[in-house]
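**Q**
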Amino acid sequence: MFVPISIDEFVKKHIKTNPSENAADLKASLTEAADKKKNGFKCSQCGQPVWAIGTAIVGWNGCFTCITGEADCSEDYEIDSVF
Ligand SMILES: [Zn+2]
469 MFVPISIDEF VKKHIKTNPS ENAADLKASL TEAADKKKNG FKCSQCGQPV
519 WAIGTAIVGW NGCFTCITGE ADCSEDYEID SVF
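What the sequence shown shows, in the numbering used here, is residues 469 to 551, in sequence order.
#1: Who are the near neighbours of Asp476 in its chain, counting only those whose CB is closer than 8 Å to its CB and skipping five residues on each side?
#2: May I ask you to check if the CB of Thr536 is nearer than 8 Å to at least one heavy atom of ligand 1?
#3: From Asn539 to Asp503, what does the alpha carbon distance come to, in whole angstroms?
#4: Do Cys541 and Cys514 have their CB atoms nearer than 9 Å?
#5: Which class does Val526 belong to by DSSP, given the choice of helix, strand or coil?
#6: Mind checking whether the beta-carbon of Gly508 lies closer than 8 Å to any heavy atom of ligand 1?
#7: Locate the beta strand (DSSP E) running through Val550, then write down its first and last residues.
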């Protein structure tokens, strides 16, 4: 299971570790990706529901496994509004 996080909280964390990225752009991408997940978008590789955070960061519709290559998402975040 993912760890739920709000968009604002995730942006704060991500910008802290990636200071060169733009917080407003990231927030817009996350909002868009969360909407995609709510609207039932599927991973373009395997057909699982998209991972909103990963989709926002990599820029294509993907699930956790296809984006990260890992099966265990227990320590990774997902936007709380899409649970
Ligand atoms: Zn996938």
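Cβ atoms here follow ideal geometry from the backbone N, Cα and C, with glycine treated the same way.
**A** So, from the listed chains and residues:
#1: Lys495
#2: Thr536 Cβ: outside cutoff for every heavy atom of ligand 1.
#3: Per the sequence shown, residue 539 should be read as Ala rather than Asn. The alpha-carbon atoms of Ala539 and Asp503 are separated by roughly 24 Å.
#4: no
#5: helix
#6: no
#7: Unbroken run through Val550: none, as it is neither H nor E.
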